[in-house]
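S.K.:
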Amino acid sequence: TNVIDGHIRPHGLPHCWSSGPIDAGRPAWLRLRPSAPVVVVRVELVFNSGLNIRRHDQKGLYPRLARDYDIEVETEDGDLIVVRERDNVQRFRRHAFTATMAHAVRLVIHRTWGATTCDVFDFRLYGISS
């Protein structure tokens, strides 16, 4: 519920999903399951990029930022990877893809920029109700 509450920064409360440990061969994942199957055409994500940390104190990218991730759609016929993102450096991501009937959509995070965990502030699905 913390990634669908409309907040894209931790104002007062966490307002985010924090993964468990991420390591090679064992990604972290987060799934959104609509109350009924929907045709999904776009996903929007907001990652924690350390905006509240003073930029001049940082060396390189924020370690908890998602670097490598996939977006998978759970369909009636099985899972379909609709996005494979590698070396991401952005906080806000918008991914459009071919309309797909989804029972659920999963964000699978394979790697960060150095941390063992990752934070997601927002995860939104856009599509057409069936």
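First residue of the sequence shown: 144, per our numbering; consecutive thereafter.
Glycine included, C-beta positions come from ideal geometry on N, C-alpha and C.
Run through DSSP, which three-state label would Ser161 get?
M.R.: In the sequence shown, residue 161 corresponds to position 18, counting from 1. Ser161 falls in the strand class under three-state DSSP.
S.K.: Counting pairs of Cβ atoms below 8 Å between the region 257-272 and the region 217-226, do you hit three or more?
M.R.: Counting Cβ pairs under 8 Å, fewer than three are found: no touch.
S.K.: If you draw a straight line from the C-alpha of Gly270 to the C-alpha of Val183, how long is it?
M.R.: The residue labelled residue 270 in the question sits at position 127 within the sequence shown. The residue labelled residue 183 in the question sits at position 40 within the sequence shown. Spanning the two alpha carbons is a distance of roughly 4 Å.
S.K.: In or out: Ser161 buried (at least 16 other Cβ within 10 Å) or exposed?
M.R.: Within the sequence shown, the letter at position 18 stands for residue 161. Exposed, since its Cβ has fewer than 16 Cβ neighbours within 10 Å.
S.K.: Using a 10 Å radius around the Cβ and a threshold of 16 neighbouring Cβ atoms, would you call Val232 buried or exposed?
M.R.: Here residue 232 refers to the residue found at position 89 of the sequence shown. So Val232 counts as exposed.
S.K.: Between the beta-carbon of Asp265 and the beta-carbon of Val189, is there less than 8 Å?
M.R.: For the purposes of this step, residue 265 is taken as residue 122 along the sequence shown, with counting starting at 1. For the purposes of this step, residue 189 is taken as residue 46 along the sequence shown, with counting starting at 1. Contact flag set, yes.
S.K.: Residue ranges of each beta strand (DSSP E) run of no fewer than 3 residues wholly in the region 239-266, ordered along the chain?
M.R.: Those beta strand (DSSP E) runs which fall completely within the region 239-266 and span 3+ residues are 247-255.
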